[in-house]
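For the sequence shown, the UniProt record's numbering gives the first residue as 1, with consecutive numbering after it.
We put the beta carbon where it would ideally sit given N, CA and C, even for glycine.
Note that this is a predicted model, so its numbers are computed, not measured.
Written out below as structure tokens is the structure these notes cover.
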Amino acid sequence: MQRTGAFKARGAFHAIKRLQQEPGWLEGGGKEKGVVGYSAGNHARALALAAAEDGITSRIVMPTTTRPNKIAATKGYGAIVVFSRPGFSGREAVAAEIVAETGARLVPPHDHPDVILGQATAGLEFQEQVLEQQQRQQNSIEEGGGGGRRRRKGLDAIIAPCSGGGLLSGTALSCEGTGIKVFGAEPEFEGADDGRRGFYSGARITAHNQTPNTVADGLAGAVSATPWGLIYERGLVSGMYAVTEDEILAATRLLLERLKVWVEPSAAVPLAVALYNEEFRGVVEREGGVEGWDLGLVVSGGNVDVDGMVRLFS
């Protein structure tokens, strides 16, 4: 987890650092022209913070329907907030106008190589931490006089949530060549599982007719072109699975009550897939055999306020 309460800081900070390394950007007034992004939540805060840390002007396009606390948080990190009509196309159009008027550089929430590479650090750290944990366990067994030596094999698979695809494609990229299988997780309500449907039909679904009103609202977007190239065309993701609203809420409750982890429902979707999706569980049984899999779940954010959580479970 990052200072903004979600993984998005990884991509935003990496993109900002790479931008400053671009020949001529600083000399051409890049900091003053600034950056522009569009988001109703986590990317907004992440980009605002990343820009502010390096003295770069940031403008964030947010829909008029954005909750006041999210707007206040984005402004609190120093961003200039510009409003657009609801929907992804509205945000993109306003962002394009700002770029044309100011010369600012667009840093989108997922459809950018540097953003994806930043998100990939989550997968790299996950793999490193699992190996370190397994080594500590082995050392403890040996110090206690236990017999046998368990091979440090790391993870067998990782499930990551999918909306625009930046985190999923980055995670998959970090696992390339390791033997770790990567799977995507989505809500199925009102067609929010565009990634899953596109994955199995062989054609990316570019937009929703209307934004799905799922409890996992952070996963309501369609997969963007650059992530899709890694997820499907390059074949780095092994499968996509979707879960119901009740399953997402059950997984959220489990994380809250049993693991004491404050999460937004979008972050609980990978756990919901692991627990409740029979198709995925069948894959684990077939391929993992009696031992099963050492499975990693990317719990991606906790940006939900107390009132919002109460409404979810009322």
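Hey, which unbroken runs of the beta strand (DSSP E) at 3 residues or more fall wholly within the segment 27-89? 35-38, 58-63, 80-84
DSSP three-state label for Pro108, please. coil
At least 3 beta-carbon pairs within less than 8 Å: the segment 125-145 vs the segment 288-303: Verdict: yes, contact present.
Should Asn303 and Asn42 be called a contact, given that it needs their Cβ atoms to be closer than 8 Å? yes
Can you give me the C-alpha to C-alpha distance between Ala289 and Glu27, rounded to a whole angstrom? Looking at the sequence shown, residue 289 is not Ala but Gly. Counting only the Cα atoms, Glu27 lies some 59 Å from Gly289.
Do the CB positions of Gly301 and Gly184 come within less than 8 Å of each other? No; because the gap between Cβ atoms is not below 8 Å, this pair is not in contact.
Note down the Cα distance separating Thr57 from Asp194, rounded to an integer number of angstroms. 34 Å
Residue interval of the beta strand (DSSP E) (run including Glu186): For Glu186, the uninterrupted beta strand (DSSP E) run begins and ends at 181-187, by DSSP.
Compute the Euclidean distance between the alpha carbons of Arg18 and Arg286, then round it to the nearest angstrom. 43 Å
Own chain residues within Cβ distance below 6 Å of Ala160, not counting five before or after: So the list reads Leu167, Leu168, Thr171, Val298, once near-sequence residues are dropped.
Option in Val243, Ala93, Val261, Val263 with minimal Cα separation from Glu278: Val243
Looking only at its chain, what residues have a beta carbon closer than 6 Å to the beta carbon of Phe126, apart from the 5 residues adjacent to it on each side? Gly296
Presumed contact (8 Å Cβ cut-off) between Leu312 and Leu249, rounded CB distance: Indeed, because the Cβ distance is near 6 Å, the residues count as touching under 8 Å.
Selected residue, minimal CA-CA separation from Glu176, among Ile158, Ala48, Arg91, Ala192: Ile158
Same chain only: Cβ atoms within 7 Å of Glu264, ignoring 5 sequence neighbours per side: Short of 7 Å from the beta carbon of Glu264, and not among the five residues preceding or following it, lie these beta carbons of its own chain, in chain order: Gly218, Gly301, Gly302, Asn303, Val304.
Rounded to whole angstroms, what is the Cα-Cα separation between Asp114 and Ala79? 21 Å
Quick check on the DSSP output: the alpha helix (DSSP H) that includes Ala120 runs from which residue to which? 113-143
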